[in-house]
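Sequential numbering of the sequence shown, starting at 2, is according to this note's numbering.
Each residue gets a CB set at the ideal place from its N, CA and C atoms; glycine is no exception.
Report on the following structure.
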Amino acid sequence: MKRISMFVILAALLAIGASALQVGSPTFGGETIDRVQNATSSIVLTNNDNQTLSNIAVTFAADVKYNLRNGTVPATVSANSQATISVVGNIPVDHPGIDSTTLKPAAINVGTFTLTGTLSNGSQVTATGNVMMQAVNQLEIKKVRIECDTKTDTVSDGDKVKNLKPGQDCQLTIEVENKFAEDDRNGQKIGDISFPTIRVDVESSDDDQVEVDCDEEDIDDLDADQTDEITCDLEIDEEADDKSSSIDIRVTSNDANGALQGEGLNFKMEVVRLTHDVQIRGVEVAPSRVSNCDPSSVKLTVSLLNQGKRDEKRVAVSVSSADLKFEKKVQDLELDKDDSASVSFDVPVPAGQKRGAVRFEVRSFFENTAQSNQATVDLTVEDCDAESEETESGSVSTPPQTFTQPPVVTAPPAGSVISAPKKTSSFTDSPAYVALLAVVSVAVLVALVLMVSALVRRRAE
Numbered sequence: 002m003k004r005i006s007m008f009v010i011l012a013a014l015l016a017i018g019a020s021a022l023q024v025g026s027p028t029f030g031g032e033t034i035d036r037v038q039n040a041t042s043s044i045v046l047t048n049n050d051n052q053t054l055s056n057i058a059v060t061f062a063a064d065v066k067y068n069l070r071n072g073t074v075p076a077t078v079s080a081n082s083q084a085t086i087s088v089v090g091n092i093p094v095d096h097p098g099i100d101s102t103t104l105k106p107a108a109i110n111v112g113t114f115t116l117t118g119t120l121s122n123g124s125q126v127t128a129t130g131n132v133m134m135q136a137v138n139q140l141e142i143k144k145v146r147i148e149c150d151t152k153t154d155t156v157s158d159g160d161k162v163k164n165l166k167p168g169q170d171c172q173l174t175i176e177v178e179n180k181f182a183e184d185d186r187n188g189q190k191i192g193d194i195s196f197p198t199i200r201v202d203v204e205s206s207d208d209d210q211v212e213v214d215c216d217e218e219d220i221d222d223l224d225a226d227q228t229d230e231i232t233c234d235l236e237i238d239e240e241a242d243d244k245s246s247s248i249d250i251r252v253t254s255n256d257a258n259g260a261l262q263g264e265g266l267n268f269k270m271e272v273v274r275l276t277h278d279v280q281i282r283g284v285e286v287a288p289s290r291v292s293n294c295d296p297s298s299v300k301l302t303v304s305l306l307n308q309g310k311r312d313e314k315r316v317a318v319s320v321s322s323a324d325l326k327f328e329k330k331v332q333d334l335e336l337d338k339d340d341s342a343s344v345s346f347d348v349p350v351p352a353g354q355k356r357g358a359v360r361f362e363v364r365s366f367f368e369n370t371a372q373s374n375q376a377t378v379d380l381t382v383e384d385c386d387a388e389s390e391e392t393e394s395g396s397v398s399t400p401p402q403t404f405t406q407p408p409v410v411t412a413p414p415a416g417s418v419i420s421a422p423k424k425t426s427s428f429t430d431s432p433a434y435v436a437l438l439a440v441v442s443v444a445v446l447v448a449l450v451l452m453v454s455a456l457v458r459r460r461a462e
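Below you can see the structure in the form of structure tokens.
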């Protein structure tokens, strides 16, 4: 029992000794502080004992490039009071501006210190702590833009791009800036510093949902106070689920002095499927040009895709043209989720149709009557005397849009019009040649008559 009591008393004494002296960790620099020599910081010392602390000393364990050393050390610290010890060190030119894992500005642990002292009763007390150091980050993501169809947004860390559709394509532009000043003040190596190679990594949390394809992965030789950018294609799968995917951007580089710097940015892309969404993914009219000399017909083909959340049993497609007074609707089509289908229409074009563009309105429906999507395509009608070579089928693709934002799809020119070659005629095809031939024929006939008459006279004599 006595041994246990002695052990408890000893443990209590050790605990009191350990807690008699407390120290805070010094941090050199900061988020806006350049990499300079003779930076200062402080250690806050707390004497929790009822005795005065004296013979205070501080020692450091760190790389010599930091040149950590004491500044001002108080001679004594009264019982139950605090004191500040100033310390000095160098922030080297290769000190990181960011945490290598999070890519966020952060103070980095560069070493440790030990503080010792003597209480009035002669007992020694010791405390240890870390030495932290931070320097400004000079490589930043200046701007990130995402363009999906005709809509462009600027995204920041933590943002969400909403209401995207399966099969939609987006373009991501990442602009990077070297924040170093163009000039170096007093040769301190805190300005006019370039980044030889900047690594830009863009990753999707789910490649089956959103696929990333960047034109380049590196930016080379970015000088002080300059910007540069790269672009990436973000392709949303046509069968993408109704959920969000994360896009992670990491920009990192070691500057010309070797200091790691950069920034990270993360945003989400939210894919939303409507309950019913029969998309018009393409419209093709063949041929794309006709003449109004004679009656003709064209074939209009509509490509559909069910991007809704469920299978559809009563899909309908209609095609109409006010110019041709044409209207037709196909109903009761079955189209399962993520499946596609094509529907064709034969459209007559009467002779004498007015030249110019004939517009077709194409609409898709679910439950045969509820409109889902729409698009347009044009047919070119040419005058009867406008001789042109037959063109190939013109085809148009409509971006996936809901009916609330209908896309306008216009058929591109199917080819240039080539005039027929001019006919060339010789002299033998001319009226003058025919007249000359008649005169010659008459002259020959007269000559024959005279010759016959002369022969008859000679025999008579």
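Supposed close pair V1, L336 - CB separation, criterion 8 Å: Lying before the first or after the last residue shown, residue 1 is absent from the chain, which here runs from 2 to 462.
Unbroken stretches of the beta strand (DSSP E), 3 residues or longer, contained in the stretch 302 to 377: Listed in chain order, they are 313 to 322, 327 to 336, 341 to 350 and 357 to 367.
Give the DSSP-derived three-state secondary structure of V94 in the structure shown. DSSP, reduced to helix, strand and coil, places V94 outside both helices and strands of the structure shown, so it counts as coil.
Please go through the same chain and pick out, in chain order, the residues whose beta-carbon is closer than 8 Å to the beta-carbon of I109, but skip the five residues on each side of it. Here the set comprises H96, P97, D100, M133, M134 and Q135.
If you draw a straight line from the alpha carbon of N131 to that of V252, how long is it in whole angstroms? Cα atoms of N131 and V252: separation of roughly 29 Å, rounded to the nearest angstrom.
Using only the alpha-carbon positions, how far apart do I57 and A128 sit? The straight-line gap separating the alpha-carbon atoms of I57 and A128 is approximately 11 Å.
Starting from L235, follow its DSSP beta bridges and name the residues at the other end. Answer is C171 and V213.
Relative to the C-alpha of T151, which residue among K144, T115 and D170 is closest? Comparing Cα positions, the closest option is D170.
Determine the direct distance from the alpha carbon of E328 to that of G395, and round the result to whole angstroms. Because the pLDDT of G395 is 48, which lies under 50, any placement of that residue in the model is unreliable, and the question is left without a value.
Considering only their Cβ atoms, is the gap separating N91 from K190 smaller than 8 Å? Going by C-beta atoms, K190 is not nearer than 8 Å to N91.
Confirm, please, whether the CB-CB distance from V348 to L305 is below 8 Å. No; because the gap between Cβ atoms is not below 8 Å, this pair is not in contact.
Excluding sequence positions up to five away, which residues of its chain have a Cβ less than 6 Å from the Cβ of S121? Counting only Cβ-Cβ distances below 6 Å, and skipping sequence neighbours, we find Q52 and T53.
Could you round the C-beta distance between K269 and K161 to whole angstroms and report it? I think they count as a contact, below 8 Å. Contact between K269 and K161 holds, with the beta-carbon distance rounding to 4 Å and staying under 8 Å.
Cα separation between I34 and R282? Cα to Cα, the separation comes out at about 55 Å.
Is it a yes or a no for the stretch 212 to 227 touching the stretch 175 to 185, going by three-plus beta-carbon pairs under 8 Å? At 8 Å Cβ cutoff, the stretches touch.
Are the stretch 315 to 325 and the stretch 354 to 373 in contact at 8 Å, needing three or more beta carbon pairs? These segments touch.
What are the boundary residues of the beta strand (DSSP E) that includes C385? No beta strand (DSSP E) holds C385; DSSP gives it neither H nor E.
With 16 other Cβ atoms within 10 Å as the buried cut-off, status of E32: E32 should be labelled exposed.
With the cut-off set at 8 Å, would you say L261 and N255 are in Cβ contact? Yes, they are a contact pair.
When DSSP builds the beta bridges, which residues end up paired with T127? Answer by DSSP bridge pairing, in chain order: T117.
Among A63, S79 and T28, which residue has its Cα nearest to the Cα of T47? Nearest C-alpha to T47 among A63, S79 and T28: S79.
Enumerate in chain order the residues of its own chain whose CB-to-CB distance from N369 is below 6 Å, with the five nearest sequence positions on each side excluded. The beta carbon of N369 is closer than 6 Å to those of R315, A317 and Q332 in its chain, skipping five residues each way along the sequence.
Going by DSSP, what residues sit across from A479 in a beta bridge? Since the first residue of the chain shown is 2 and the last is 462, residue 479 is not available in this structure.
Cα-Cα separation, D216 to D202: The straight-line gap separating the alpha-carbon atoms of D216 and D202 is approximately 12 Å.
May I ask which residues mark the beginning and end of the beta strand (DSSP E) holding R282? Note, R282: beta strand (DSSP E), V279 to A287.
Between the C-alpha atoms of P296 and V382, what's the straight-line distance to the nearest angstrom? Approximately 12 Å between the Cα atoms of the pair.
Looking at G112: is its Cβ nearer than 8 Å to the Cβ of A63? In contact: G112 and A63 (Cβ atoms closer than 8 Å).
Less than 8 Å separating the beta-carbons of A287 and V273? Not closer than 8 Å, so no.
Helix or strand or just coil, what does DSSP make of K190? Coil.
Report the rounded CA-to-CA distance for D339 versus Q375, giving the unit in angstroms. Going by the C-alpha atoms only, they are around 18 Å apart.
With distances taken from CA atoms, which of N164, I237 and P351 is nearest D209? The residue with the shortest Cα to Cα distance from D209 is I237.
Does the beta-carbon distance from K66 to P93 come in below 8 Å? Yes, the pair counts as a contact, with Cβ atoms nearer than the cut-off.
Residue closest to T60, alpha-carbon to alpha-carbon, out of V89, A342 and Q354: Taking only the C-alpha atoms, the option nearest T60 is V89.
Selection from G30, T102, T28 and I44 that minimises the alpha carbon distance to E264: Cα-wise, what sits closest to E264 is T102.
What would DSSP say about K166, mapped onto helix, strand or coil? Residue state for K166 is assigned as coil, using DSSP reduced to three classes.
Could you spell out where the beta strand (DSSP E) holding Q23 opens and where it closes? First-last of the beta strand (DSSP E) with Q23: L22 to V24.
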